[in-house]
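Start counting the sequence shown at 28; every next residue gets the next number (our numbering).
All C-beta atoms, glycine included, are put in the ideal place defined by N, C-alpha and C.
Step one of this worksheet: look at the structure below.
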Amino acid sequence: MRNAGWFSIPEAKRNPEDLLDMFLRVKYPGPFELYFYCYYAFPTRYPDHIPRIFGKRFFSQIIEPEANAEFRKTVQEIAVEAIVVFNKKIFNLEPTAKTP
Numbered sequence: 028m029r030n031a032g033w034f035s036i037p038e039a040k041r042n043p044e045d046l047l048d049m050f051l052r053v054k055y056p057g058p059f060e061l062y063f064y065c066y067y068a069f070p071t072r073y074p075d076h077i078p079r080i081f082g083k084r085f086f087s088q089i090i091e092p093e094a095n096a097e098f099r100k101t102v103q104e105i106a107v108e109a110i111v112v113f114n115k116k117i118f119n120l121e122p123t124a125k126t127p
């Protein structure tokens with residue numbers, strides 16, 4: 028997001044703790060109000076583990092449709108104007124980062 032020019036966060040503040048505090052308190056410099064949404068609310072290390080745990084059929088018939096419906100509901104309720112998606116490459120970029 029920084030490279031796109033959306034935020035100008037000092038390099039000293041680009042660590043998990045400061046970023047967490049900055050974004051949760053909505054104290055970030057930029058013209059946008061951000062919402063972070065976890066598409067699959069299941070505690071796995073990576074999203075592609077979910078079909079392996081539950082099976083591809085259950086995943087495609089139950090989990091994926093429910094996750095999609097909840098996401099669409101949230102987008103409509105908040106009246107989102109744009110969506111930024113972090114793909115698997117971005118998601119996996121910092122798998123060992125300390126999170127709360």
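Between residue i and residue j, what straight-line distance do the alpha-carbon atoms span, to the nearest angstrom?
i    : j    : result
G32  : A68  : 30 Å
L46  : I110 : 20 Å
H76  : P92  : 17 Å
Q88  : F98  : 16 Å
G57  : K40  : 15 Å
K54  : R84  : 43 Å
V102 : Y64  : 10 Å
Out of the options, which one is the CA nearest neighbour of residue i?
i    : options            : result
A106 : T71, G82, I77, Y62 : Y62
For residue i, which residues from the same chain have a beta carbon less than 6 Å from its beta carbon, with the 5 sequence-adjacent residues on both sides left out?
i   : result
T74 : The question names Thr, yet the displayed sequence has Pro at residue 74. Counting only Cβ-Cβ distances below 6 Å, and skipping sequence neighbours, we find Y67.
P78 : F86
What span of residues does the alpha helix (DSSP H) with residue i cover, start to end?
i   : result
L61 : Taken as a continuous stretch (DSSP letters only), L61 belongs to no alpha helix (DSSP H), as it is neither H nor E.
F86 : F86 -> no alpha helix (DSSP H), and no H or E assigned at all.
Once the 5 residues before and after residue i are set aside, which same chain residues still bring their CB inside 7 Å of it?
i   : result
F17 : With the chain running from 28 to 127 in the structure shown, residue 17 is simply not present.
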